[in-house]
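Peer 1: Sequences listed follow chains E and Y, in order. Under our numbering, think of the first position of the first sequence as 334, with each following residue one higher. Under our numbering, think of the first position of the second sequence as 7, with each following residue one higher. Right, I'll just put the structure down here and ask away after.
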Amino acid sequence: MTTHAESTPIQTPRQSRRRFLRWRPDQQWEGYLFLLPSLLGFLFFVALPVVISLLLSFVEWNLLTQPIWVGLANYRQLLTRDPVFWRVVGNTVFFMVTIVPLQLCFGLLLAVALNQAIRGALIYRVVYFMPVVTTIVAGAIVFQFLLNRDFGLISQWIWDLGRLTGLPIQPPDFLNSTFWSKPAVVILTLWKNVGFTMVIYLAALQGVPQELYDAANVDGANAWQRFLRVTIPLISPTTFFLFIIQMIGAFQLFTEAYTMTRGGPAQSTLTVVYYIYQNAFQFGRMGKASAIAWFLFVFIFLFTWLQTRLQRRWVYYETES
Amino acid sequence: MTTLAEPGTPGQARGQLPLAAQLGLQTLLIVGSALVLLPFLIMLFVSLMPKEVILTRAFALQLTTLDNYVQLFKAVPFGRFYWNSFVVAVATTTIQILTASLAAFAFARLRFRGRDGLFLVYLATLMIPFQVTMIPNFILVRYLSWYNTYQALILPSAFSVFSTFLMRQYFMGVPLDLDEAARMDGAGSWRIWAQVIMPLSGPVLATLAIFNFQASWNDFLWPLVITNSIEMRTIPVGLSSFQGQYNTEWNLLMAGSVIALLPILIIYIIGQNWFVRGIAFSGLGGR
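What follows is the structure in structure tokens.
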């Protein structure tokens, strides 16, 4: 079975590498045998569906009648004659530009605090990461309760604040207002994800060499200057990386909006993925839903391309071991 | 694999902080923790309160009762949800680790025609969002009459390109001399996979297993579209439909939330370090 067993047993690593790279007729069928289970799953559940999805985006089909070929009509309709599509894109962009910066700020703040020689750091990490492992549905239920205008704790705090200061402050009706429903989803998402951002930042902060801080100290920099001039630039690759993956994640926001507000009120928290879900599984428009999914893909492709283009900048992070 | 140091380890300490800074940081971290923990505590507290006092806010510790939990288990088959989630998460994770490690071994260790081209095709699909393949998968599953079955919940998410990719990277780092030595001793590829590469890959296998288990346990969109009967719901989707039915019965909803969170939180507290590593570093690339 092995063709090289009779060759000399003593070799340098270089020789062994070259021999490994040589043609291996005995591994022709073996390679595909190892690959087979994965390849079958890949073909059926990834590769084939991608092709079908693209084809679907050119048809009109409700799964019951025959599909009708409509060419680019689904795309054209979305771009020119569907105000709801532009509304869901707008909502999604709102979530991206609020959730991502807030998450980066809070995550960095907590990570910097935890990176100090501080008592109980491990316990804090356990606590902050707790929502990351939990089901978002349970989080949504509690936040609906907390934000309820009539008996929610957060609303109560705002009432109390108004009473104490004598100012005419009233709690917003988070879940029934088309304006405040979005912040409600943002709050839930931040609570759920900030621990993740914190842990990644923590790893980056621990990669900043102590010598740089010492040198800055010698030059008379104070803590704030050290943070701005040493920490921020040195962890910028991580910031950029987190920014990219969180923009992609926020563009795919669905579960938070579904469980918290069911996309409402009046479509104010309807997101792009939610609109895909509605079209495919509630309105039976498989073609249109697929077309929206391809818009999503193009967006993610652009961001991933941006990421790989600039990957060299954070390569230390991936090779460090 | 990137290593993740403990927070606040002595080696990383930025010198001793003055007392005022210590106090300031502790205050910040305690307030933050309180905000993060508050939803969990409220959930537990309300779940132990009788229904009547919730709207009047006349909470009192002596009213504590387990009635909500008794009522909950009568109204909703949470045991069944647990079982479904458990079966799906364990099966998905096991199949994924097995198929991905076999494929990664082929990509990293065997020479055969078309290998690099195939690997490129795998890589190219990494950035395709789940939502693109979701609709064809839904149609495929219905065509196979798998709608509302375990196969439908498990198989479409059991073949992970990302896991394959991560394992291949790891296997590439294992010295080739080990394979050569094993082959000289007469071992075939199967034995090298099972007795050389896999035993040396403990950390990456554990990391991926935890990440995939957790992702499968908490998955929402796919189980939502592919199941329709209460008997086939997993915990998140079961809890969500319960939320839709009992949307004002806060005492029951909170009890349901506590029940839904309990197992994963217990596992998390026990293996928190592994969890943080697994989710943080697989999540970075895995989305």
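Ideal Cβ placement from N, Cα and C applies to all residues, glycine included.
Label residue 297 of chain Y either buried or exposed according to how many other C-beta atoms from any shown protein chain fall within 10 Å of its C-beta, with 16 as the threshold for buried.
Peer 2: It is not possible to answer for residue 297 of chain Y, since the shown part of chain Y is limited to 7 through 293.
Peer 1: Which first and last residues belong to the alpha helix (DSSP H) in which residue 485 of chain E is found?
Peer 2: First-last for residue 485 of chain E: undefined, no H or E at that position.
Peer 1: Helix, strand or coil for residue 145 of chain Y per DSSP?
Peer 2: Helix.
Peer 1: Between the beta-carbon of residue 530 of chain E and the beta-carbon of residue 440 of chain E, is there less than 8 Å?
Peer 2: The answer is yes: Cβ separation under 8 Å.
Peer 1: Give the range of the alpha helix (DSSP H) segment to which residue 121 of chain Y is assigned.
Peer 2: Its alpha helix (DSSP H) spans residues 121–130.
Peer 1: Do residue 33 of chain Y and residue 106 of chain Y have their C-beta atoms within less than 8 Å of each other?
Peer 2: No, the Cβ-Cβ distance between residue 33 of chain Y and residue 106 of chain Y is not below 8 Å.
Peer 1: Look up residue 237 of chain Y in the DSSP assignment and say whether it is helix, strand or coil.
Peer 2: Residue 237 of chain Y falls in the helix class under three-state DSSP.
Peer 1: Please name the residue in Y:181, Y:136, Y:94 and Y:269 whose C-alpha comes closest to that of residue 167 of chain Y.
Peer 2: Checked all of Y:181, Y:136, Y:94 and Y:269; the closest Cα to residue 167 of chain Y is Y:136.
Peer 1: Which of the three DSSP states, helix, strand or coil, is assigned to residue 568 of chain E?
Peer 2: DSSP places residue 568 of chain E in coil when its eight states are reduced to three.
Peer 1: Which one or two residues does DSSP pair with residue 392 of chain E in a beta bridge?
Peer 2: Note: residue 392 of chain E sits in a beta bridge opposite E:402.
Peer 1: Note the first and the last residue of the continuous alpha helix (DSSP H) segment covering residue 191 of chain Y.
Peer 2: Element bounds for residue 191 of chain Y: n/a, residue is neither H nor E.
Peer 1: Consider the Cβ of residue 393 of chain E: report whether some Cβ of chain Y lies at a distance smaller than 8 Å.
Peer 2: Not closer than 8 Å to any Cβ of chain Y, the Cβ of residue 393 of chain E fails to qualify, so no.
Peer 1: How would you call residue 199 of chain Y, buried or exposed, if buried means at least 16 neighbouring beta carbons within 10 angstroms?
Peer 2: Label assigned to residue 199 of chain Y: buried.
Peer 1: Identify whether residue 174 of chain Y lies in helix, strand or coil by the three-state DSSP scheme.
Peer 2: Helix, per DSSP.
Peer 1: Starting from the C-beta of residue 248 of chain Y, find all residues in its chain whose C-beta is less than 6 Å away, skip the five residues before and the five after it, and write them out in chain order.
Peer 2: Cβ neighbours of residue 248 of chain Y beyond the five flanking positions: 82 and 262.
Peer 1: Drop a sphere of 10 angstroms on the beta-carbon of residue 649 of chain E, count the other beta-carbons inside from all chains shown, and report buried for 16 or more, exposed for fewer.
Peer 2: Caution applies to residue 649 of chain E, whose pLDDT of 44 falls short of 50 and renders its modelled position unreliable; the value that the coordinates give is listed next. Residue 649 of chain E is exposed by the Cβ-count criterion.
Peer 1: By DSSP, does residue 344 of chain E sit in helix, in strand, or in coil?
Peer 2: Note on residue 344 of chain E: pLDDT 46, under 50, position unreliable in the model; the coordinate value appears next. Coil, per DSSP.
Peer 1: Under three-state DSSP, which class holds residue 651 of chain E?
Peer 2: Residue placement at residue 651 of chain E is flagged as unreliable, the pLDDT there being 39, under the threshold of 50; the coordinate-derived value follows with that caveat. DSSP places residue 651 of chain E in helix when its eight states are reduced to three.
Peer 1: Is the shortest distance between the beta-carbon of residue 139 of chain Y and the beta-carbons of chain E less than 8 Å?
Peer 2: Closer than 8 Å: yes.
Peer 1: Verify the CB distance criterion: does residue 180 of chain Y have a CB-CB separation below 8 Å to chain E?
Peer 2: Chain E, which has no Cβ nearer than 8 Å to the Cβ of residue 180 of chain Y, makes this no.
Peer 1: On the criterion of 16 or more Cβ atoms from any shown chain inside 10 Å, does residue 238 of chain Y qualify as buried, or is it exposed?
Peer 2: With 16 or more Cβ atoms within 10 Å of its Cβ, residue 238 of chain Y is classed as buried.
Peer 1: For the structure I just gave you, are there three or more beta carbon pairs, one from the region 520–540 of chain E and one from the region 277–288 of chain Y, closer than 8 Å?
Peer 2: Yes: at least three Cβ pairs fall under 8 Å.
Peer 1: Looking at residue 433 of chain E and residue 560 of chain E, is the spacing between their C-beta atoms short of 8 Å?
Peer 2: For residue 560 of chain E and residue 433 of chain E, no; Cβs fall outside 8 Å.
Peer 1: Give, in chain order, every unbroken run of the alpha helix (DSSP H) that is at least 4 residues long and sits entirely within the region 543–629 of chain E.
Peer 2: Whole alpha helix (DSSP H) segments, 4+ residues: 543–551, 556–559, 569–584, 588–594 and 605–614.
Peer 1: Among the candidates Y:132, Y:63, Y:62 and Y:55, whose CA atom is the shortest distance from the CA of residue 75 of chain Y?
Peer 2: Cα-wise, what sits closest to residue 75 of chain Y is Y:55.
Peer 1: Residues of chain E with CB under 8 Å from residue 116 of chain Y, in chain order?
Peer 2: Under the 8 Å cutoff, chain E gives 357, 360, 363, 364 and 367.
Peer 1: How many Å lie between residue 342 of chain E and residue 464 of chain E at the Cα?
Peer 2: Model confidence at residue 342 of chain E stands at a pLDDT of 45, short of 50, so the residue's coordinates are unreliable and nothing is read from them.
Peer 1: In terms of alpha-carbon separation, which member of Y:42, Y:53, Y:38 and Y:23 lies closest to residue 467 of chain E?
Peer 2: Measuring from the Cα of residue 467 of chain E, the nearest candidate turns out to be Y:42.
Peer 1: Compute the distance between the beta-carbons of residue 89 of chain Y and residue 162 of chain Y, then report whether it is under 8 Å.
Peer 2: Not a contact, by the Cβ cut-off of 8 Å.
Peer 1: Go ahead and pull the three-state DSSP assignment for residue 223 of chain Y.
Peer 2: Reduced to three states, the DSSP call for residue 223 of chain Y is helix.
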